[in-house]
Amino acid sequence: MLSDTDLETLIHKAISLYNLTHSPNAIAKLIFFSPILITVQFSGVFCTGCSTMEITEAFAYQAKTLSQGRIELKHNKTLETSPHAIQTSYIVKTK
266 MLSDTDLETL IHKAISLYNL THSPNAIAKL IFFSPILITV QFSGVFCTGC
316 STMEITEAFA YQAKTLSQGR IELKHNKTLE TSPHAIQTSY IVKTK
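Letter by letter, the sequence shown follows residues 266 to 360 in this note's numbering.
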């Protein structure tokens, strides 16, 4: 099981990887962290064919892959905060 510090470090690494692979179309930023819930803001000029679910699921997949399956982010809620930004909260499941 991951410590809270290791979990937060892993989330930051997942955000860095996400930004490396999805920028400039989408950029992720950690808004809130707790061991059971995180909130990530996605901003940018989202591609016209991409749904918000594709954007948020890509981040969850990268976090799971980076952790070698030790964490899973379950989509909780997504809110549009501006025309070019959404905030998604995830429930954190650790193994």
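Yeah, the Cβ is synthetic: ideal placement off N, Cα and C, and Gly gets one too.
Pop quiz: isoleucine 320 and leucine 295 are said to be a contact at Cβ under 8 Å. What is the actual Cβ separation, rounded to whole angstroms? Contact doesn't hold; Cβ gap of about 15 Å is too wide.
What are the partner residues of threonine 353, as DSSP defines its beta bridges? Val305 and Thr343
State the start and end residues of the unbroken beta strand (DSSP E) segment that holds phenylalanine 298. 292–298
Express the C-alpha separation of threonine 286 and methionine 266 in angstroms, rounding to a whole number. 28 Å
If I measure Cβ to Cβ from leucine 302 and keep anything under 8 Å in the same chain, skipping five residues before and after, which residues do I get? Asn341, Ser354, Tyr355, Ile356 and Val357
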